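**Q** Numbered by numbering that gives the first Met the number 0, the letters in the sequence shown go through residues 0 to 127 in order.
Note that CB positions come from ideal geometry on N, CA and C, so glycine has one too.
Keep in mind the model is a prediction, meaning the values are calculated, not measured.
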Amino acid sequence: MIDEFLSTMSEDDLKMQDCYGRTVLHHAAMSTENTKIAQSLIRKNRELLTIPENRGDIPLNVASWVGHKDMTHYLYNMTSPEFLLSLENERQAALFLGDCIRNKWFGKSEIYRCCFGSALSSSRVSIC
Numbered sequence: 000m001i002d003e004f005l006s007t008m009s010e011d012d013l014k015m016q017d018c019y020g021r022t023v024l025h026h027a028a029m030s031t032e033n034t035k036i037a038q039s040l041i042r043k044n045r046e047l048l049t050i051p052e053n054r055g056d057i058p059l060n061v062a063s064w065v066g067h068k069d070m071t072h073y074l075y076n077m078t079s080p081e082f083l084l085s086l087e088n089e090r091q092a093a094l095f096l097g098d099c100i101r102n103k104w105f106g107k108s109e110i111y112r113c114c115f116g117s118a119l120s121s122s123r124v125s126i127c
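1) Nearest-angstrom Cα distance between V65 and H72?
2) Return the CA-CA distance between N102 and D12, expressed in angstroms with no decimal places.
3) Within the same chain, show all residues whose beta-carbon is closer than 6 Å to that of L28, passing over the 5 residues directly before and after it, in chain order.
4) Could you tell me the distance, in whole angstroms, from the CA atom of S122 to the CA atom of S79?
5) Sorted by chain position, which residues of the same chain lie with C-beta nearer than 6 Å to S120's C-beta, five sequence neighbours on each side aside?
6) Cβ of K14 within 8 Å of Cβ of E46?
7) Fully enclosed by the segment 27-56, which beta strand (DSSP E) runs are 3 residues long or longer?
8) Using CA atoms only, rank isn't needed, just tell me which of I50, T7 and M0 is closest to V23.
9) From F4 to S39, what does the alpha carbon distance come to, in whole angstroms?
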């Protein structure tokens, strides 16, 4: 059903932002654990992953902040490591890491690998 609806929309339609700067992917990330909706949106327009809202949060930050573990895991795996590790996006990466710690999704070894190992390795840290 979502794919039928999305077929009537352009990629630019999906990038529309509300008065808070949130896209439809931000809203999906904060309101549901249903990753199928996010999958359909991202399949239609991958740019949605990296569009910040007015405070600078990307959909990954929104999902981790509200505690949606499955959605966070999916969005983390879909967001490029290069984006999260770039200097201009360090705020998003720091907020994400802080939310994962607050939600107790990481142990000490995962935090160490995430903070210090990512510069040395291209492997992703599992949050599940």
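**A** To lay it out plainly:
1) 13 Å
2) 33 Å
3) The question names Leu, yet the displayed sequence has Ala at residue 28. Cβ neighbours of A28 beyond the five flanking positions: P58, V61, A62 and M70.
4) With a pLDDT of 49 at S122, under the threshold of 50, the modelled position of that residue is not reliable, and the figure given next carries that caveat. Spanning the two alpha carbons is a distance of roughly 12 Å.
5) With a pLDDT of 46 at S120, under the threshold of 50, the modelled position of that residue is not reliable, and no figure is offered here.
6) Result yes, Cβ atoms of K14 and E46 sit closer than 8 Å.
7) none
8) I50
9) 10 Å
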